[in-house]
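Structure record follows, encoded as structure tokens.
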DNA sequence: GCAGACTTGGAAACCGCTTTCCGGGAGGTC
DNA sequence: GACCTCCCGGAAAGCGGTTTCCAAGTCTGC
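Residue numbers (full-length UniProt numbering), protein chains in the order written: chain A, 1 to 330; chain B, 1 to 330.
Here you go:
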């Protein structure tokens, strides 16, 4: 590969001068030399070695994003928001996918630390297991001790800056809205019991029903994805309204209903959570709680880069969106 | 940050020994020293500086993937396939999104070159503009001249290893299948004229119709995304069957039909291309041409890493999948 | 015309790690 | 017991940049 030294030699200048011309510096270089250097660099096809720059400067221009699954539109939207924000700051992005394995997540933080990335964004739900959360916290603390910055989208469990969707409130509002339509018998496709996001949404929903004096919903646990929703929907009893704790599960539930000849919303109403853009053309249109996912991703990046000391936790409110997958009870 | 020197000092050994213990080497280190070093590293919370390793070793363990848009499930699936393959090789992934700007794509290749990534994967359709393709080729050539490896998913336009979906054949087969159902009047939502993937699919489709002695389809150009399909669908004339050159556009077209009270498939049949997994629950289920996207992404990574000299171009066949969005004409 | 303030180019130290090259000690062979 | 290997630890030379520190001009202003 072409090095700066090659360029300097070809241009007949010192390494220092070549560096100042090509790779940004506070110091000026005369027009004549500057032109010579630029021409030499171009002729040789020079590209600065960023590993060397990172080493010399002691600071890298890449950030790391850790998500569970890129093919899940929820994570894709969040990651996209963060990446757009990163691009405006001139930062590059390393993306890691854990496929929901917490060990992978810890390993990724270690790797990104080793890369000396400027910041790490952890996107996605934490599991409630204190042992694994503790190890993740330790790994993050190590990274931060060395000057690394971190932020998280999800629950405030890691002691870092956090963009936290208001899952409980959102689910509670949704419950009130659905109750307002006259529903009284609910089921919740609740996802995995140890997943905090899922548990919060479920709890918020059930709590609001309790406050309204309505009977507790039937709670059905299962995986947090489309197939989990599909499977859980089979177990729904006599509820008139089913709340899936995320949109992807709701879509699975709708598919299950369709296959079994259960009409939505005539026979049963279905609601989700997140308002995934890709699903906007789904039939029937999904009632859900809208989260500004792209903004949240971008916001998390800003928080991570922010120098301020105190850990900040930003609550992001969701907005109930009623669509045709639910009906008014008469 | 903790450096290897700190560890070596704390363990009372030389830098060389510490390096050999912690960061893999062909050479053995005695058990006693090895233990001392490991303990010191653990106490201090040492993480190797990968920038320094990359510099010293002259080889990095990251690969770059350039896609147009991560929130498009087509790219997400491809990227996910490549990332899984990368993970099995112990490689890290940098993802760049161009948002369909060819200049961005060139800039990303330059940046990844500067990062000295082990390989670059270019995912997504090329534009037909020879000027911009030429500049991208130049940039890639520069990178490869320095020992970089590259591969591409899409058209074989860059002179690098390529995984090429058989767009023409797939579209032709689809056309034959639809004609076999009795359709004779077709429209094609053809995407942008300069996008090679779109053009190939359109040409393959039209060509097959011609061979069957059917009239040429109405061709409507527009953006390559959901909204493009939505808008183009408004201009369809008296066709009984509409082919959108990708699934996302087809979904937009279906939405347009729905809004205008046009029933699918009763009033008009609609087909897409790609078989996006996220859309499997769409109603009506979309007739399409299935592409093994994850495999293609993984395959591209393997090709890129492959040392062999001759440029290889792998055709990937699509498989026509007839679903309820098309009907048999009687 | 000259002191002093700015500019600008270059030499060299340094960033954190890998790896070659040396050297000393242990173990094996005859 | 001498000689040869083999094994393993350490010193030091890079890897490709950045940046500090000097020194030599170049401009000012009076």
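Where is the CB? At the ideal position from N, CA and C, for every residue including glycine.
The shortest CA-to-CA distance from residue 278 (chain A) to any of B:56, B:6, B:65, B:76 is the one to B:76.
A Cβ-Cβ separation of about 6 angstroms places residue 106 (chain B) in contact with residue 135 (chain B) under the 8 angstroms criterion.
Using a Cβ-Cβ cut-off of 8 angstroms, residue 94 (chain A) is close to 62, 92, 93, 94, 95 of chain B, given in chain order.
Within chain B, no residue has its beta carbon less than 7 angstroms from that of residue 7 (chain A); the closest one is some 14 angstroms off. Identification of residues in the segment 131 to 147 of chain B having a C-beta nearer than 7 angstroms to some C-beta of chain A yields 142, 145, 146, 147, given in sequence order.
About 11 angstroms separates the Cβ atoms of residue 63 (chain B) and residue 79 (chain B), ruling out a contact at the 8 angstroms cut-off. Taken in chain order, the members of the UniProt domain "HTH lacI-type" (2 to 57) of chain A whose beta-carbon sits within less than 8 angstroms of a beta-carbon on chain B are 2, 45, 47, 48, 49, 50, 51, 52, 54, 55.
Residue 49 (chain A) is positioned such that its CB atom lies closer than 9 angstroms to that of residue 3 (chain A).
Distance between residue 97 (chain B) and residue 30 (chain B), taken at the CA atoms: about 48 angstroms. Taking the Cα positions, residue 90 (chain B) is about 42 angstroms away from residue 35 (chain A). Using a CB distance below 7 angstroms, no part of the segment 220 to 235 of chain A faces chain B. Between the segment 212 to 231 of chain A and the segment 150 to 169 of chain A, the count of C-beta pairs closer than 8 angstroms stays below three; the two stretches do not touch.
When Cβ-Cβ separations below 9 angstroms define contact, residue 121 (chain A) makes no contact with chain B.
Collapsing the DSSP output to three states places residue 165 (chain B) in a strand. In the DSSP annotation of this structure, residue 300 (chain A) is not part of any beta strand (DSSP E); the continuous alpha helix (DSSP H) holding it starts and ends at 293 to 305. Under the Cβ distance rule, residue 183 (chain B) does not count among the residues neighbouring chain A, no pair being separated by less than 9 angstroms.
Counting only residues of its own chain and dropping the five nearest sequence neighbours on each side, residue 129 (chain A) has a CB closer than 8 angstroms to the CB of 102, 194. Taking each of B:294, B:299, B:183 in turn and checking the Cα distance to residue 243 (chain B), the smallest one comes out for B:183. Linking residue 203 (chain B) to residue 210 (chain B) through their CA atoms gives a straight-line distance of about 10 angstroms.
The C-beta of residue 311 (chain B) has fewer than 16 other C-beta atoms within 10 Å across all chains shown, which makes the residue exposed.
Under a 10 Å Cβ-count criterion, residue 149 (chain B) is classified as buried, with 16 or more other Cβ atoms of the shown protein chains found around its own Cβ.
From the listed residues A:270, A:147, A:300, the smallest Cα separation to residue 323 (chain A) is found for A:270. Under the Cβ criterion of 9 angstroms, residue 114 (chain B) is counted among the residues facing chain A.
Residue nearest to residue 240 (chain A) within the set A:114, A:120, A:58, A:326 is A:326 (criterion: CA-CA distance). Contact residues of the segment 233 to 263 of chain B toward chain A are 248, 251, 252, 254, 255, 258 (C-beta to C-beta distance below 9 angstroms). Put simply, the segment 173 to 193 of chain A does not touch the segment 145 to 160 of chain A. Fewer than three CB pairs are less than 8 angstroms apart. When secondary structure is reduced to three states using DSSP, residue 132 (chain A) falls in the helix class. Taking CB atoms only, residue 110 (chain A) has a neighbour in chain B less than 9 angstroms away. Nearest in C-alpha terms to residue 160 (chain B), of all of B:179, B:253, B:140, is B:140.
At least 9 angstroms separates the CB of residue 188 (chain B) from every CB of chain A. A distance below 7 angstroms between beta-carbons, with the five flanking residues on each side excluded, links residue 230 (chain B) to the following residues of its chain, in chain order: 252, 253, 255, 256.
Note on the segment 22 to 57 of chain B: whole alpha helix (DSSP H) runs with a minimum of 4 residues are 31 to 44, 50 to 57, in chain order. For residue 220 (chain B), the enclosing beta strand (DSSP E) covers residues 218 to 221. Flagged as an interface residue toward chain A: residue 73 (chain B), by a C-beta distance shorter than 9 angstroms. Within 8 angstroms of the CB of residue 282 (chain A), the CB atoms of chain B belong to 281, 282, 283, in sequence order along the chain.
Residues of chain A with a Cβ closer than 7 angstroms to the Cβ of residue 200 (chain B) do not exist, since the nearest Cβ in that chain sits about 25 angstroms away.
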